[in-house]
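Undergrad: Sharing a structure with you now.
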Amino acid sequence: MVLVTSTYAINLCCLIKNAVWGGGNISTCFATNVTESNSTVSEEEQEELNINPDDLNAANKTEEDLEGIHIKDHKLPCFPKRMYRRFRRLQAIEFDNSQLETVTDEDFRGLLNLRYVSCPRNKFKMLPGRLFRFTPNLQWVKFHGNSLLKHIGFNLFKHLRKLKEVNLGQTGCTNTTVTDTTSVATTTGDLLSECPPDPKDLEEDMNNLECEWVEGDVVTTTGTNVPSTTTTTTVYQTTTSIIYG
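Everything in the sequence shown is counted per my numbering, starting at 5 for the first residue and increasing by one.
This is the structure we're talking about:
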C-alpha cells in the first residue's frame with residue numbers, strides 16, 4: 005500500500021437517524037462536523053468520506069447501512085470521491101452551502117441506487133453534460149442558489165428517464181424549476197440558450213458520442229470511450245434515440 009502526504013480524507017461526525025426524504029424513510033447521516041484528516045492516508049482513500057466510528061456504533065450502523073448523507077453549512081474541501089466503495093446503499097445526498105466548486109461524473113460512479121441529488125448554495129460554475137451518466141435512477145436534481153453557475157452541459161438530463169423534479173432556481177444563468185416531468189424536454193432546450201455549455205465540456209461530449217438502441221426493455225450503448233458500466237441499462241421505453249453525453 006502506497007502512502008501519500010499531500011492529500012487527505014474527509015472526516016464526518018454525524019447524527020444518524022431515519023428521515024423521510026429522497027423518496028423514502030431512509031437511514032441518514034446528518035453532519036454535525038466536517039474536518040480534513042491530519043494523518044497520512046493511502047492513495048485509494050484520498051478525498052473519501054469517513055464516518056466517525058463512534059457515531060456509527062451509537063446508531064448500531066455500518067457505513068454500508070447508510071442510505072442518505074446530509075451536509076449543511078459545513079465546508080467540504082472537494083466533492084467526495086468514490087462514495088460507492090463505502091456507501092453501497094446510498095439513495096440521497098445533499099451538500100448545502102458547502103463551498104463546492106467542481107463536480108464530475110466520476111464522483112457519482114457506481115451509485116446506481118441514487119435517486120436524490122441536492123447541492124444548493126455552492127460555488128459551481130458549470131455542470132458537465134455527462135454528469136449523471138452513472139446514475140440512471142435519479143428522480144430529483146437540485147442545484148438552486150448557485151449564483152456563479154453559468155454553463156450547463158448539453159443533454160445533462162438525457163439519461164434520467166425517471167426524473168421528477170429539477171430545481172435550478174436563482175443560479176447565475178436561469179431561474180428554472182420543473183416539477184412536471186413532461187416539461188423536462190422543453191426545459192432542456194431552454195437551458196441551451198440560457199446556460200450554454202462550456203466549450204471544453206461540449207467538445208468532450210462530442211468526443212464521447214454514444215449511440216443507443218433498444219430491444220424490449222434493454223438499452224445497449226456503444227461509442228467512443230463508453231464506460232463498461234453503461235453497456236446495458238434496464239429502462240421502460242421502445243424508441244430509438246441518439247445521445248450526446
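Even for Gly, the Cβ is constructed at its ideal location relative to N, Cα and C.
#1: Around the C-beta of Thr228, are 16 or more other C-beta atoms found within 10 angstroms, so that it is buried, or is it exposed?
#2: Please name the residue in Arg89, Arg93, Gly173, Lys129 whose C-alpha comes closest to that of Gln103.
#3: Select from Asp202, Val145, Gln143 the residue whose C-alpha is nearest the C-alpha of Lys154.
#4: For Glu1, report the span of its beta strand (DSSP E) as first-last.
#5: Would you decide whether Glu98 is buried or exposed? Buried here means 16 or more other CB atoms lie within 10 Å of its CB.
#6: Is it the case that the Cβ atoms of Ile30 and Glu71 are separated by a distance below 7 Å?
#7: Expressed to the nearest angstrom, what Euclidean distance is found between the alpha-carbon atoms of Leu206 and Asp58?
#8: What is the C-beta distance between Phe147 and Pro124, in whole angstroms, given that I count them as a contact (C-beta under 8 Å)?
#9: Are the CB atoms of Gly173 and Thr181 nearer to each other than 7 Å?
#10: DSSP state of Ala62, grouped into three classes?
#11: Buried or exposed for Val105, going by 16 or more other Cβ atoms inside 10 Å?
#12: Kindly indicate which three-state DSSP category Tyr12 falls into: helix, strand or coil?
#13: Which whole-angstrom value describes the C-beta separation of Pro84 and Leu53, a residue pair presumed to lie in contact below a C-beta threshold of 8 Å?
#14: Three-state secondary structure (DSSP) at Ser122?
#15: For Gly157, which of Asn141, Asp194, Asn117, Thr36 has the nearest alpha-carbon?
#16: Under 7 Å, do Leu118 and Leu152 count as touching if we go by C-beta distance?
#17: May I ask you to report which of helix, strand or coil DSSP gives Glu208?
#18: So for Ser31, helix, strand or coil by DSSP?
#19: Beta-carbon within less than 6 Å of Asn171's beta-carbon, same chain only, minus the 5 sequence neighbours each way: which residues are those?
#20: In this structure, how does DSSP classify Glu40 when only helix, strand and coil are distinguished?
#21: Spatial neighbours of Cys177 within its chain, please: C-beta separation below 7 Å, excluding the five flanking residues on both sides.
#22: Return the chain-ordered list of same chain residues with a C-beta closer than 7 Å to the C-beta of Asn179, the five sequence neighbours on each side being excluded.
#23: To which residues of the same chain is Leu142 closer than 8 Å at the C-beta, ignoring the five residues directly before and after it?
#24: When burial is assigned at 16 or more other CB atoms within 10 Å of the CB, is Leu16 buried or exposed?
TA: Judging by the given coordinates:
#1: With a pLDDT of only 45 at Thr228, under the threshold of 50, the placement of this residue in the model should not be trusted; the figure read from the coordinates follows. Exposed.
#2: Answer by Cα proximity: Lys129.
#3: The shortest C-alpha separation from Lys154 is found at Asp202.
#4: As displayed, the chain neither begins before 5 nor continues past 249, which places residue 1 out of reach and without an answer.
#5: The C-beta of Glu98 has 16 or more other C-beta atoms within 10 Å across all chains shown, which makes the residue buried.
#6: Contact: yes.
#7: The alpha-carbon separation between Leu206 and Asp58 amounts to approximately 45 Å.
#8: Indeed, because the Cβ distance is near 7 Å, the residues count as touching under 8 Å.
#9: Yes, these two residues count as a Cβ contact at 7 Å.
#10: In the structure shown, Ala62 sits in a helix (DSSP, three-state: H, G or I).
#11: Sequence inspection shows Glu at residue 105; the Val mentioned does not correspond to that position. Glu105 should be labelled exposed.
#12: Tyr12 falls in the coil class under three-state DSSP.
#13: About 5 Å separates the beta carbon of Pro84 from that of Leu53, a gap short enough to meet the 8 Å contact definition.
#14: Under the three-state reduction of DSSP, Ser122 is assigned to strand.
#15: It is Asp194 whose Cα lies nearest to the Cα of Gly157.
#16: Cβ atoms of Leu118 and Leu152: not closer than 7 Å.
#17: Annotated three-state conformation of Glu208 is helix, per DSSP.
#18: If DSSP states are grouped into helix, strand and coil, Ser31 belongs with the strands.
#19: Closer than 6 Å at the Cβ level, and outside the excluded window around Asn171, lie Lys146, His148, Thr181.
#20: Per DSSP, reduced to three states, the secondary structure at Glu40 is strand.
#21: Closer than 7 Å at the Cβ level, and outside the excluded window around Cys177, lie Leu153, Lys154, Glu198, Cys199.
#22: The residues are Gly173.
#23: In chain order, Leu118, Arg119, Tyr120, Val121, Phe136, Leu164, Lys166, Leu167 place their CB closer than 8 Å to the CB of Leu142, counting only its own chain and leaving out the 5 sequence neighbours on each side.
#24: Label assigned to Leu16: buried.
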